[in-house]
Amino acid sequence: MRTSWADLAANSAAENAGPGSSASNAGTSNTSASARVYVPPHLRNRPPSAESPAPAHSGPASGTGPGPGPTANAGSRWAAPRNDCRPGYGGGGGGGAGGSGRTSGWGNRSGGWDNRSREREVNPFGDEDDAEQAFSEKENTGINFDAYEDIPVETSGDNVPPPVNTFAEIDLGEALNLNIRRCKYVKPTPVQRHTIPISLAGRDLMACAQTGSGKTAAFCFPIISGIMRGQPAQRPRGYRAVYPLALILSPTRELSMQIHEEARKFSYQTQVRVVVAYGGAPINQQLRDLERGVDILVATPGRLVDLLERARVSLQMIRYLALDEADRMLDMGFEPQIRKIVEQMDMPPPGVRQTMLFSATFPKEIQRLASDFLSNYIFLAVGRVGSSTDLIAQRVEYVQESDKRSHLMDLLHAQRANGVQGKQALTLVFVETKKGADSLEHWLCLNGFPATTIHGDRTQQERELALRSFKSGNTPILVATDVAARGLDIPHVAHVVNFDLPNDIDDYVHRIGRTGRAGKTGLATAFFNDNNASLARALSELMQEANQEVPIWLSRYAARSSYGGRNRRSGGGRFGSRDFRREGSFNRGGGSDYYSAGNSSGGYGASGGYAGGYGPGVTSAWD
DNA sequence: AAAAAAT
215 MRTSWADLAA
225 NSAAENAGPG
235 SSASNAGTSN
245 TSASARVYVP
255 PHLRNRPPSA
265 ESPAPAHSGP
275 ASGTGPGPGP
285 TANAGSRWAA
295 PRNDCRPGYG
305 GGGGGGAGGS
315 GRTSGWGNRS
325 GGWDNRSRER
335 EVNPFGDEDD
345 AEQAFSEKEN
355 TGINFDAYED
365 IPVETSGDNV
375 PPPVNTFAEI
385 DLGEALNLNI
395 RRCKYVKPTP
405 VQRHTIPISL
415 AGRDLMACAQ
425 TGSGKTAAFC
435 FPIISGIMRG
445 QPAQRPRGYR
455 AVYPLALILS
465 PTRELSMQIH
475 EEARKFSYQT
485 QVRVVVAYGG
495 APINQQLRDL
505 ERGVDILVAT
515 PGRLVDLLER
525 ARVSLQMIRY
535 LALDEADRML
545 DMGFEPQIRK
555 IVEQMDMPPP
565 GVRQTMLFSA
575 TFPKEIQRLA
585 SDFLSNYIFL
595 AVGRVGSSTD
605 LIAQRVEYVQ
615 ESDKRSHLMD
625 LLHAQRANGV
635 QGKQALTLVF
645 VETKKGADSL
655 EHWLCLNGFP
665 ATTIHGDRTQ
675 QERELALRSF
685 KSGNTPILVA
695 TDVAARGLDI
705 PHVAHVVNFD
715 LPNDIDDYVH
725 RIGRTGRAGK
735 TGLATAFFND
745 NNASLARALS
755 ELMQEANQEV
765 PIWLSRYAAR
775 SSYGGRNRRS
785 GGGRFGSRDF
795 RREGSFNRGG
805 GSDYYSAGNS
815 SGGYGASGGY
825 AGGYGPGVTS
835 AWD
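The first sequence lines up with residues 215 to 837 when you count with this note's numbering.
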């Protein structure tokens, strides 16, 4: 489940050292999961009883167990680049939520306070630098700090705390500061400059910002710092339940893994423990991780609901709730689960807990839903990194369905010529359906292009393997459904191809955001035809906003499409969205008590110069 | 209509 370059290197090294992983794979099959005692639904979710026998590990923050070190990883067989398009296919079970290499810390699981210092915490930083050099492109955090100065920022809400300019201005604590240095973060990104003070002030937040703009750190730093300096948690002594203090939810398993990896770095040697739980992987290892103690739980909704229904996790001590890709989390597919977790279990209500919502886009309807979870929140919109310089070159080409494959082939041939040091530049191809993904992958392979695919019909092992293989450059083409559209931080993606355009312009925004990340340039090519007519207007507007050249034929489509209301961009201009509380129609609706007249103290100008406003004419465009 | 997310 480790996905970084360092892990690849580590796994590769382990692989070369010997075939030791096969034995451990054998031990992690799914069969052990079924040994769990079945708890009938009516007995599930019983409140933790104070009378229950106290488990040995009920104290706060006992030592952090040995993390998933360079574990025997089921997916490490991709090492040999072959024409086989799914390297490592059938490479063995296990994998998933960590191979059995993790269980070496078993003896310590009852450890309370006294074990804290004895347990050794695996350094999550590894030797990433070495691995990064494989791309011969040293990039530090990958963030182009020079691109920051002109990033527009807009805030609204009551008494917005002023932003900070340096990490030193805020006392996050010594251990956290050390990790910030280890991450080579020199100065905070815009979203961090604003989010951290807001969060440290205890305020709720709705934030529009790209993943890759430092968003994860923006919500992790205050959470970790808050847990470290907060009262030691007097956690109830649940029979088996654990009581995390912070919950971070995300819409895909891979994104949860990614957040977990980052959070582990930020919390290294802070005694703040981060555990991840997601579906598709055996639950037992996740249960053991939880039993060792958890302060911050990163999870996908389905698995969390499962854990809640088994009464293995209680949310009653939650102080911080963060939803990543919040607009996806609140759309039709997810909303019931999220409401269940946030409103119908034992989580403290808004105002008691602190809630932070993040997404690159925030449609108005979603903002309305989201406000149920928030209390007197601050709205923050951060423009794209490098928004003024347009780091993503967007192209739209008219391609009939029947011509798409050969057209893609042309693009890939051109790309191949630009290969970097023998490695082809990474190309991410989005398609509409899972079947379409498999079939395109197969076709690419037949035609000599090493491709793999990630979508929801593949097993979790296959998904993780595909992602690793792509990141490593061994399979430089990844065909993906929207499962990979959001939040995934894959360095070095040079080209995003919208083989099938999405129906929603926000999805398009998320997809092309997989390239041009963190201040680097990228290319996004879309195949457009009559089937995408409904997207024409929004697409053409978006491209205009980004100073991209809009083909004449697309403008004609856009003009033709009847009042594109449905697909109008939900947000505005350089931001993913703007605060829906500022829309006159909403305020007249009667919910305007704490938000008057669409202006607020200290809301603007934090980044200097930029006034954050829209002229009246522009504003009307968003009504 | 499709995708994602629990078993």
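By construction, the Cβ of each residue, glycine as well, lies at the ideal position given by its N, Cα and C atoms. A quick note: this is a predicted structure, and the numbers were derived from the prediction, not measured.
- Residue pairing for residue 422: DSSP places it in a beta bridge opposite 573 and 595.
- Residue 690 has its alpha-carbon roughly 31 angstroms from the corresponding atom of residue 394.
- DSSP places residue 611 in no alpha helix (DSSP H) but in the uninterrupted beta strand (DSSP E) bounded by 606 to 612.
- Listed in chain order, the non-local C-beta contacts of residue 772 below 7 angstroms within the same chain comprise 750, 751 and 754, local neighbours out to five positions each way being set aside.
- DSSP places residue 771 inside the alpha helix (DSSP H), whose first and last residues are 766 to 774.
- By the C-beta density criterion, residue 448 is exposed, having fewer than 16 other C-beta atoms within 10 angstroms.
- In this structure, 745 is the residue among 335, 372, 769 and 745 with its C-alpha nearest to the C-alpha of residue 616.
- Beta-bridge partners of residue 709 (DSSP): 641 and 737.
- Annotation for residue 794: 578, 581, 582 and 800 place their beta carbon closer than 7 angstroms to its own, counting only its chain and skipping 5 residues before and after.
- Counted as a single uninterrupted DSSP element, the beta strand (DSSP E) harbouring residue 534 occupies residues 534 to 537.
- Under the 8 angstroms Cβ criterion, the stretch 409 to 428 counts as touching the stretch 370 to 377, having at least three qualifying pairs.
- Judged by their CB atoms, residue 404 and residue 367 are nearer to each other than the 7 angstroms cut-off.
- Of all C-beta pairs linking the stretch 532 to 545 to the stretch 484 to 504, fewer than three are shorter than 8 angstroms, placing the two stretches out of contact.
- In the assembly as shown, residue 688 is a buried residue. Its beta-carbon has 16 or more other beta-carbons within 10 Å.
- The stretch 520 to 537 and the stretch 563 to 572 touch, with no fewer than 3 CB-CB distances between them shorter than 8 angstroms.
- When DSSP reads this structure, residue 521 sits in no beta bridge, so it has no partner.
- Distances from the CA of residue 766 to each of 614, 610 and 398 were compared; the closest alpha carbon is that of 610.
- It is roughly 10 angstroms from the alpha-carbon of residue 389 to the alpha-carbon of residue 438.
- The beta carbon of residue 512 is closer than 6 angstroms to those of 462, 470, 473, 474 and 490 in its chain, skipping five residues each way along the sequence.
- For residue 579, the three-state secondary structure derived from DSSP is helix.
- One thing to note: residue 588 has its Cβ no nearer than 7 angstroms to the Cβ of residue 421.
- Secondary structure in the stretch 473 to 520: the alpha helix (DSSP H) runs of 4 residues or longer, each lying completely within the stretch, are 497 to 505 in chain order.
- When 694, 607 and 701 are compared, the shortest CA-CA separation from residue 761 is found for 607.
- In this structure residue 647 is exposed. Its beta-carbon is surrounded by fewer than 16 other beta-carbon atoms within 10 angstroms.
- For residue 370, there is no enclosing alpha helix (DSSP H); the enclosing beta strand (DSSP E) covers residues 367 to 370.
- The beta carbons of residue 742 and residue 713 sit no closer together than 7 angstroms.
- It is roughly 20 angstroms from the alpha-carbon of residue 725 to the alpha-carbon of residue 514.
- In the DSSP annotation of this structure, the continuous segment of the beta strand (DSSP E) that includes residue 666 starts and ends at 665 to 668.
- For residue 405, the enclosing alpha helix (DSSP H) stretches over residues 404 to 414.
- The beta carbon of residue 739 sits closer than 6 angstroms to the beta carbons of 609 and 711 from its chain, once the five residues preceding and following it are set aside; these are given in chain order.
- Residue range 460 to 463 is occupied by the beta strand (DSSP E) that includes residue 463.
- Residue environment for residue 565: exposed (fewer than 16 other C-beta atoms within 10 angstroms of its C-beta).
- Annotation for residue 694: the continuous beta strand (DSSP E) segment containing it runs 691 to 694.
- Take the alpha-carbon of residue 662 and the one of residue 629: they are about 14 angstroms apart.
- For the pair residue 673 and residue 692, the CB atoms are not nearer than the 7 angstroms cut-off.
- Residue 550 carries a helical assignment under DSSP once its states are collapsed to helix, strand and coil.
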